[in-house]
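Those protein sequences? They're chains A and B, same order as listed. Under the working numbering, the first sequence has 138 at position 130, and the numbering climbs by one with no breaks. Under the working numbering, the second sequence has 41 at position 53, and the numbering climbs by one with no breaks. Let me begin by presenting the structure, written as structure tokens, before commenting on it.
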Amino acid sequence: MDPQMTTRDELWSDLLRRALAGDGPCYARFLHEATPVIRKIARARCTVEAEVEDIVQEVLLAVHAKRHTWRSDQPVSPWLYAIARYKAADAARRRRVAVPIEDVVETLEDEAAGDVTAARDLARLLDGIDPRAAGIVRAVGVEGESAGEVGARLGMSEGAVRVAYHRAMTKLRRMAEAEDD
Amino acid sequence: MTEKTTTDDLIAKLSAEPAPAPTASPEAMLLRRMALGFGGTLVLFFTLLGPRPQLGLAMTDPVVLAKTALPFVLALLALPLALNAARPAAPRGWQAQAIWVLPMAALSLFMLAYATHAPADRLRLFVGHSIPVCMPAIVTLSLPVTAALISILRRGAPLNPPVCGALAGLVAGGLATTVYSTFCTEDSPLFYSVWYSLGIAMAAGVGAWAGRRWLTW
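Next comes the structure, spelled out in structure tokens:
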């Protein structure tokens, strides 16, 4: 390696420049060197450690799919970080919305099995969020009403009920995690 | 550490394909798509409106020429901004400052016309006779170019899709207004610097909406 290429950005720029010209080993090395940085960014946006690696891989796929958007006369690090931040935030957001439904199923199963602790925990957690949201969680998650029924009762659209429900479940999950820690 | 291995596997798979396709970048399709979009605008224009009589003669007046030239320059400056907005961390370029000259020029023309007309004429010129044609026409004429640009910018990676889309809408609105101005006979800046600007703003709004819808990745 040229001794003048002291900084990391110069090295990475050189690697990606060669990669874009068709050099596979340089591309592999660029992606390997970028991965720890991407992992750090992913970890900052996702508290669930098990999901961090999924997000890292999503970012790597995005970097790959958008590698032609780097201008080779520009430093590569700001470009890489921008993509990583955008994609990691996006992936973390999608996971926050997608996860709670399974959480509810668990809660319901727990209750069906007569696990008093879980039911009591849920009741206590529900006291910690605002009453309207708690009402929606009780109606949808515990009583089993449909979002449409709850919406009709509260004067909200079905979609608004779903959104409020997901937000509340996310909050509850965080509260539960905070207690576990 | 099974997760570690899958990430390594992914890297191995990705590095088998280091060079992007030569047509991958937004700029690669720029000319062809823009020609298509602008062609669509021209077809709409000649079908629905058509140029005013004695267009060449009218254009000899610099104030009339300005209503065609200013939106065209706006489109020229907004285009690189839109393309840069689709490249993460790309510097915005001198156009980001230069583009402000255009609203300032429109405002100056408006004030000059305001100062040089009798109070009775100002309102008449400002309201004109074609507001209900002008703004819908500008927005309609802008749509083919907006569609063309959005289809190009999808190949990029805009970090702020609505802003990138709005810049595309600005290009389209500028070009649409350039074309529309050759039909319109309202030659006072009291009319065009207000209503053309609003039409362009609406085109940018359409672009922002389209950006939110189609430029997220």
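From the three backbone atoms N, C-alpha and C, an ideal C-beta is built for every residue, glycine too.
Please report whether the beta-carbon of A:Y35 lies at a distance below 8 Å from any beta-carbon of chain B. To locate residue 35 of chain A, count along the first sequence from 1; it is residue 27. So, interface residue.
Let me know the secondary structure DSSP gives A:S80 once reduced to three states. Here residue 80 of chain A refers to the residue found at position 72 when the first sequence is read from its first residue. Of the three classes helix, strand and coil, the one that applies to A:S80 here is coil, per DSSP.
Can you give me, in chain order, the residues of the stretch 72 to 90 of chain A that have a beta carbon less than 7 Å from any beta carbon in chain B? Those residues of the stretch 72 to 90 of chain A that come within reach of chain B (Cβ to Cβ, closer than 7 Å) are H72, K74, R75, H76, T77, R79, Q82, P86, W87 and A90.
In this structure, how does DSSP classify A:K74 when only helix, strand and coil are distinguished? Sequence index remark: in the first sequence, residue 74 of chain A carries index 66 (1-based). Coil, per DSSP.
I need the straight-line Cα distance from A:E185 to B:W197, nearest angstrom please. Working through the first sequence from its first residue, we reach residue 185 of chain A at position 177. Working through the second sequence from its first residue, we reach residue 197 of chain B at position 209. Inter-residue distance for A:E185 and B:W197 is about 37 Å (C-alpha atoms, whole angstroms).
So which of B:S96, B:R80, B:L32 and B:F26 has the shortest CA-CA distance to B:V51? In the second sequence, the residue the question calls residue 51 of chain B occupies position 63. Per the Cα distances, B:S96.
With a threshold of 8 Å between beta carbons, is B:L36 in contact with chain D? Checking the listed chains, one finds no chain D in this structure; the protein chains it contains are A and B.
Quick check: is the beta carbon of B:S3 nearer than 8 Å to any beta carbon in chain A? The residue labelled residue 3 of chain B in the question sits at position 15 within the second sequence. Closer than 8 Å: yes.
Could you check what DSSP says for B:N148 in three-state terms: helix, strand or coil? Here residue 148 of chain B is taken as the residue at index 160 of the second sequence, counted from 1. B:N148: coil per DSSP, three-state reduction.
If you count every other CB in all the chains shown that lies within 10 Å of the CB of B:F34, and 16 or more means buried, which is it? Along the second sequence, one-based indexing puts residue 34 of chain B at 46. Exposed, by the Cβ-count rule.
Should the stretch -3 to 8 of chain B be regarded as contacting the stretch 128 to 139 of chain B, the criterion being three or more beta carbon pairs within less than 8 Å? no
Does the contact criterion of 3 or more C-beta pairs under 8 Å hold for the stretch 178 to 185 of chain B versus the stretch 70 to 83 of chain B? no
Would you say A:E157 lies against chain B (beta-carbon separation less than 8 Å)? Locating residue 157 of chain A in the first sequence gives position 149, where the first residue counts as 1. It does not; no Cβ of chain B falls within 8 Å.
Taking Cβ positions only, does A:Y173 come closer than 8 Å to chain B? Here the question's residue 173 of chain A lines up with position 165 in the first sequence. For A:Y173, the answer is no, since every Cβ of chain B falls outside 8 Å of its Cβ.
Just the chain B side, please: which residues come within less than 7 Å of A:T55 by C-beta, in chain order? Mapped onto the first sequence, residue 55 of chain A falls at position 47. Near A:T55 there are no residues of chain B at all, since even the closest Cβ is about 17 Å away, more than 7 Å.
Ordered list of beta strand (DSSP E) runs contained in the stretch 123 to 171 of chain A, each at least 3 residues: Listed in chain order, the beta strand (DSSP E) elements of length 3 or more contained wholly in the stretch 123 to 171 of chain A amount to none.
Quick one: grab the DSSP three-state call for B:P91. To locate residue 91 of chain B, count along the second sequence from 1; it is residue 103. Reduced to three states, the DSSP call for B:P91 is helix.
Determine whether the beta carbon atoms of A:A142 and A:V158 lie at a separation below 8 Å. Position 134 of the first sequence holds residue 142 of chain A. Position 150 of the first sequence holds residue 158 of chain A. Result no, Cβ atoms of A:A142 and A:V158 do not sit closer than 8 Å.
Quick one: Cα of B:L207 to Cα of B:F26, how far? Chain B is shown from -11 up to 205; residue 207 of chain B falls before or after that span and cannot be answered.
Does the Cβ of B:W205 lie closer than 7 Å to at least one heavy atom of the ligand ADP? Questions concerning the ligand ADP fall outside what the structure shown contains, since it holds no ligand whatsoever.
How about A:A99: is its C-beta nearer than 8 Å to some C-beta of chain B? Position 91 of the first sequence, counted from the first residue, corresponds to residue 99 of chain A. For A:A99, the answer is no, since every Cβ of chain B falls outside 8 Å of its Cβ.
Does DSSP classify B:D(-3) as helix, strand or coil? Here residue -3 of chain B corresponds to residue number 9 of the second sequence, with the count starting at 1. Residue state, collapsed to three classes: helix.
Using a Cβ-Cβ cutoff of less than 7 Å, which residues in the same chain neighbour B:W205 once the five nearest sequence positions on both sides are dropped? Residue 205 of chain B sits at position 217 when you count from the first residue of the second sequence. Answer for B:W205: A145, listed in chain order.
Near-chain A residues of the stretch 83 to 100 of chain B (beta-carbon distance less than 7 Å), N- to C-terminal order: none
Helix, strand or coil: which one does DSSP assign to B:L53? On the second sequence, residue 53 of chain B is found 65 positions in, with the first residue counted as 1. In the structure shown, B:L53 sits in a helix (DSSP, three-state: H, G or I).
B:L65 versus B:L163 - alpha carbon distance: To locate residue 65 of chain B, count along the second sequence from 1; it is residue 77. To locate residue 163 of chain B, count along the second sequence from 1; it is residue 175. Whole-angstrom Cα-Cα distance: 11 Å.
Segment limits, alpha helix (DSSP H) that includes B:W208: Residue 208 of chain B is absent from the structure shown; chain B starts at -11 and stops at 205.
Please identify the residue among B:A94, B:M190, B:A103 and B:A192 whose C-alpha is closest to the C-alpha of B:L58. The residue labelled residue 58 of chain B in the question sits at position 70 within the second sequence. Checking every option, the nearest Cα to that of B:L58 belongs to B:A94.
Three-state secondary structure assigned by DSSP to B:H117: Here residue 117 of chain B is taken as the residue at index 129 of the second sequence, counted from 1. Looking at B:H117 - three-state DSSP - the assignment turns out to be coil, as it is neither helix nor strand.
Looking at chain A, is there any beta carbon in it that lies within less than 8 Å of the beta carbon of B:S13? On the second sequence, position 25 is the one that residue 13 of chain B refers to. By this cut-off, B:S13 is an interface position.
Cutoff 8 Å: B:R80 Cβ touching any chain A Cβ: Along the second sequence, read from residue 1 onward, the residue named residue 80 of chain B stands at position 92. Taking Cβ atoms only, chain A never reaches closer than 8 Å to B:R80, which makes this a no.
Going by C-alpha to C-alpha distance, which of B:A7, B:G199, B:A86 and B:L186 sits closest to B:L141? Within the second sequence, the letter at position 153 stands for residue 141 of chain B. It is B:G199.
Straight-line gap, B:G44 to B:F60 (C-alpha atoms, nearest Å): For this step, residue 44 of chain B is matched to residue 56 along the second sequence. For this step, residue 60 of chain B is matched to residue 72 along the second sequence. Using only the alpha carbons, I get a separation of about 17 Å.
Answer with buried or exposed for B:P6, where buried requires no fewer than 16 other C-beta atoms within 10 angstroms of its C-beta. As a position in the second sequence, residue 6 of chain B is number 18, starting the count at 1. Buried.
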